[in-house]
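Q: My structure is below; once you've seen it, I'll send some questions.
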Amino acid sequence: MTTRSRDRVRSHRQRLRAQGLRPIQIWVPDVGAPQFAAEAHRQSRLLAESPTADEDQTFVDEIADWSDE
Numbered sequence: 583m584t585t586r587s588r589d590r591v592r593s594h595r596q597r598l599r600a601q602g603l604r605p606i607q608i609w610v611p612d613v614g615a616p617q618f619a620a621e622a623h624r625q626s627r628l629l630a631e632s633p634t635a636d637e638d639q640t641f642v643d644e645i646a647d648w649s650d651e
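Its first residue numbered 583, the sequence shown is counted upward by one per residue in the numbering used here.
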């Protein structure tokens, strides 16, 4: 990273800190990974085959707010 770029980043971070913010780092699932898709399908299948699937879906539909879409 060049000095100018480094200074810009430092300045930007100082402004954010002055606003009461702090940096954090989090790890999230890689939704592009084949393992992610396989696990999502596995969990979806389990839910669909659940004896309470219809009741569960009714509950989700009742609490979901789709007004913005």
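Built from N, CA and C at the ideal position, the CB exists for glycine as well.
All values reported here derive from a predicted model rather than from experimental measurement.
(1) Let me know the secondary structure DSSP gives S649 once reduced to three states.
(2) Indicate whether P605 and R595 have their beta-carbon atoms separated by less than 8 Å.
(3) Within the continuous alpha helix (DSSP H) that includes V591, where are the two ends?
(4) CB-CB under 8 Å to S569, same chain, minus the five flanking residues each way: which ones, in chain order?
A: Straight from the coordinates:
(1) coil
(2) yes
(3) 585 to 600
(4) The structure shown does not extend to residue 569, since the chain is modelled only from 583 to 651, so the question has no answer here.
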